[in-house]
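In the order they appear, the protein sequences are chains A and B. Per this note's numbering, residue 1 is the first one in the first sequence, and the count goes up by one each step. Per this note's numbering, residue 1001 is the first one in the second sequence, and the count goes up by one each step. These notes are about the structure you will find just below.
Number of protein chains: 2
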Amino acid sequence: MSILVVGSVAFDTVTTPFGQATEVLGGSATYFAAAASFFTDVRMVAVVGKDFPEEHLDFLRKRNVDLRGLQRAPGKTFRWVGEYGFDLNEARTLDTQLNVFADFAPAIPEEYRDSEVVFLANIDPDLQREVLSQVRRPALIAADTMNYWIKGKPDSLRQTLAMVDMLVINEAETRQLAGEPNLVHAAQKVRALGPRAVVIKRGEYGALLFNEGGWFSAPALPLEAIRDPTGAGDTFAGGFVGSLASSMNFADAAVRKAIILGSVMASFNVEAFSLDRLRTLTVEEIEARYRVFKRLAQFEDL
Amino acid sequence: MSILVVGSVAFDTVTTPFGQATEVLGGSATYFAAAASFFTDVRMVAVVGKDFPEEHLDFLRKRNVDLRGLQRAPGKTFRWVGEYGFDLNEARTLDTQLNVFADFAPAIPEEYRDSEVVFLANIDPDLQREVLSQVRRPALIAADTMNYWIKGKPDSLRQTLAMVDMLVINEAETRQLAGEPNLVHAAQKVRALGPRAVVIKRGEYGALLFNEGGWFSAPALPLEAIRDPTGAGDTFAGGFVGSLASSMNFADAAVRKAIILGSVMASFNVEAFSLDRLRTLTVEEIEARYRVFKRLAQFEDL
């Protein structure tokens, strides 16, 4: 089934210990859509400025991303400038220019309203609910959020979470959202807010799933050649939700498989700046890396 | 086969967010021996002072630990005082009194010299080699070390590592020992120093194995009821080496299984202060928790 994703499209300027990239393609919706496009059709709602070049749109179109929901507004595209030290788990934001994103009001095209799967990338929880009010009856609503909204709009975020089936969130933010240092208790509290599944991203330590079936610990591939972690969380979500949308099977075993596919997509994405690794990625490479993850986590019964 | 362990026996005074314990049984050799004793016979070489009570010896004897190598020296037993914040991965040492441990010279009893498996707990690398010079031809030598020796006695540590088959070490120390921030490259460098297997302890993130068979990522159980992380690394090593010594199978599949058993033992140990959880632990509980780990990490082929 098609996925509707609503989020940001951006120009990123990123410095890591392994190099620099200036005004390259970025944004949560972009990373998500490119990753999910390996599994199913993606419909994108976002906004870009007049400065956004056709080549980036061509890349997304070639990946079969439906861009009828992409608005082009007067002004400049959203820009983010950040850097990473050797601890690649945490970005330091040097500059954010919201530009056309400041007035973004997601308008869902009529032909997107029947979307069966919706991914609300990390945007204002008010806007996340505005999206949901414009779609009919999705079978699966997944969402991301961040510390900025947890602190700044807690009530609005709670209203959104009450409507969300699966929340993809990082570890520190899980604790912050729950106000609880123990991760098990924190995940339980977050599930009580609405999401039946909480997927906790732990960067180089993998991911944890808390759902009605219990817990699942997904390994991260130890990476020899990490160059830029930007977009890892969004490509993870793209692989995860993309896999679920392609099977429309939300049972525990399918959710576990989807988490590994999310991890696979993130593991590729960090090998190069921007989305460059996804430009050359093949389904065969994805399948081969899934087998590497399987072997990585394999152990026998006692 | 029997394991010879050489390390510390201590009185620990520990404060965590969940309580406090004063002058309770601790020490690397103690934790290791108690955990390994669930899998095989253990022979302990360590030193205690005149103040060491018979009840602690009785506990170890009841767990079938051979104490003929335990020296009782004039003076006081080694004491450690530490505390943990909500980040339970890192202890803050408030006080260390080496006492009789300051002059510890491991003397291996004649009847221990044929030990097939040796575990060198985290002590001075000079002493670690002194132990090895007193044993005949162990089939497996495993060791632990720490930042104190990496920084303070790098040359001696390298000499020891050249004689070690399997090194159990934490993540930050792996990077420090190799002088390399990338964990994959760091593990390769450490393997080049001698150990054919490097087992990296990551606390609440599990463990990673780097060996000739490739990589293995062991999950950690998300813990609802962690009370005191003291001794987690040593009980991990006890379960790990204990399992290997009981099968004397050092093939990749057996090493993976041993790492999970180490993780199981550590997951129990942190549920209570000191070694208290190990006092009541049963083989049935260990086997049941192994199955929980299996289920935690389980995912299907694509």
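Beta carbons are placed, not taken as given, at the ideal position from N, Cα and C, and that holds for glycine.
Residue 170 of chain A has a beta carbon lying at 9 angstroms or more from every beta carbon in chain B. Residue 44 of chain A sits in a strand when the DSSP states are folded into three classes. The C-beta of residue 1217 of chain B comes closer than 9 angstroms to at least one C-beta of chain A. Counting along the chain, the unbroken beta strand (DSSP E) around residue 1078 of chain B starts and ends at 1078-1084. Neighbours of residue 184 of chain A in chain B, taken as residues whose beta carbon is under 8 angstroms from its own, are 1222, 1223, 1224 in chain order. For residue 1084 of chain B, none of the residues of chain A pass the 8 angstroms Cβ criterion, the least Cβ distance being about 12 angstroms. Under the three-state reduction of DSSP output, residue 217 of chain A falls in the strand class. Between residue 48 of chain A and residue 29 of chain A the beta-carbon gap is near 10 angstroms, outside 8 angstroms, which marks them as no contact. Nearest neighbour of residue 268 of chain A by Cα position, chosen from A:248, A:294, A:222, turns out to be A:222. Counting of Cβ neighbours within 10 angstroms places residue 256 of chain A among the buried residues, the total reaching 16 or more. A Cβ of chain A is located within less than 9 angstroms of the beta carbon of residue 1260 of chain B.
Boundaries of the beta strand (DSSP E) harbouring residue 1021 of chain B: 1019-1026, taken from the DSSP string. The three-state reading of DSSP puts residue 1098 of chain B in coil, since its state is none of H, G, I, E or B.
Within the model, the alpha-carbon separation for residue 202 of chain A versus residue 1024 of chain B is close to 34 angstroms.
Around residue 299 of chain A, the beta-carbon contacts reaching into chain B at under 9 angstroms are 1216, 1218, 1253, 1256, 1257, 1259, 1260, 1293, 1294, 1297. Under the Cβ distance rule, residue 281 of chain A does not count among the residues neighbouring chain B, no pair being separated by less than 9 angstroms. Taking 8 angstroms as the cut-off between beta carbons, the residues of the region 230-254 of chain A near chain B are 253, in sequence order. By the rule that beta-carbons nearer than 9 angstroms mark a contact, residue 1204 of chain B touches chain A.
By the CB criterion at 9 angstroms, residue 1239 of chain B and residue 1266 of chain B fall inside the cutoff.
With respect to the 9 angstroms criterion, residue 197 of chain A and residue 211 of chain A are classified as neighbours on the basis of their beta carbons.
Residue 1218 of chain B sits away from residue 1247 of chain B, with the two beta carbons spaced by 9 angstroms or more.
With contacts defined by Cβ atoms closer than 9 angstroms, residue 14 of chain A and residue 81 of chain A form a contacting pair. For residue 39 of chain A, the closest alpha carbon among the candidates A:251, A:274, A:152, A:242 is that of A:242. Scanning the region 240-280 of chain A from its first residue to its last, the whole alpha helix (DSSP H) runs of 4-plus residues come out as 252-269, 276-280. For residue 1133 of chain B, the number of other beta carbons within 10 angstroms of its own is below 16, and it is reported as exposed.
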